[in-house]
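These notes are about the structure you will find just below.
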Amino acid sequence: MNGKHTKTNITDINEFKLIPLSEQLQDFKQYIGKLKGIVGEERTNFILAKSVVFVVASSNDIANTYFLTGIRKAEYDISSYADLLLNSASNFIKELYGLGARRIGVFSAPPLGCVPSQRFLVGGFEIANKGCCGTGTVEVAILCNQLDHHTCTDDSKYVFFDSYHPTENAYKIIVNQLITKYIYNFV
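Position in the sequence shown (first residue = 1) + 693 = the working numbering.
Laid out in structure tokens, this is it:
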């Protein structure tokens, strides 16, 4: 599964059309089944045990489901909602482990509200102070779509796709840096 298919929504409220963790887990199980059909069970177990699985969880739940829409504010204060997210992510990781994943890198929500302080212009990016979508300052998730005539035509120039999420090229740089810096911890 690549970054295009792994945006998370821990709590399965899906007003932004994100793929919930429960569905991602089903996709992963299907992938394992297909892999077993191709290389056999023993080789599949080896591949799973040696693969590095990155889990980035809770960002959309906190920024969008809790703060932007307020859907969860009626049920939880921020502390109890954070506990819910932690328990959901923990269960997801345990399920991954149960399926054979052994090298799991876990990243939680970035410092929400501080994301602009993390912006940088490296890797060929030209624009880091706004996202590719809409005005680039407030639109996120469902507000970014092909109907918005302000969405850029070349997101490779941008660090962020919308006001919150990095572009695919930015994610590639982040993942490559993580692998380069931490791969020896997984070997």
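Don't be surprised by glycine CBs; every beta carbon is placed ideally from N, CA and C.
Exclusion of the five residues before and after residue 871 leaves 747 and 798 as the residues of its chain whose Cβ lies within less than 8 Å of its Cβ.
In the DSSP assignment, the residues bridged to residue 820 are 851. By the neighbour-count criterion, in which a residue is buried when 16 or more other Cβ atoms sit within 10 angstroms of its Cβ, residue 841 is exposed. Closest by C-alpha distance to residue 827, out of 820, 817, 845 and 819, is 845. Counting C-beta pairs closer than 8 Å gives fewer than three between the segment 771–790 and the segment 724–735, which falls short of the contact rule.
Exclusion of the five residues before and after residue 836 leaves 827 as the residues of its chain whose Cβ lies within less than 7 Å of its Cβ. Contact annotation: residue 792 and residue 741 have beta-carbon atoms nearer than 8 Å. Around the beta-carbon of residue 858, 16 or more other beta-carbon atoms lie within 10 Å, marking it buried. Of 790, 853 and 832, the smallest CA-CA separation from residue 819 is found for 853.
The continuous alpha helix (DSSP H) containing residue 739 extends over residues 734–743. For residue 785, the enclosing alpha helix (DSSP H) has its first and last residue at 771–791. Checking the DSSP bridge columns, you'll see residue 764 has no partner listed. Under DSSP, residue 796 takes part in a beta bridge, and its partners are 745. The beta carbons of residue 851 and residue 825 sit closer together than 8 Å. Here residue 823 is buried, its C-beta having at least 16 other C-beta atoms within 10 Å. The closest CA to that of residue 725, considering only 873, 765, 795 and 738, is found on 738.
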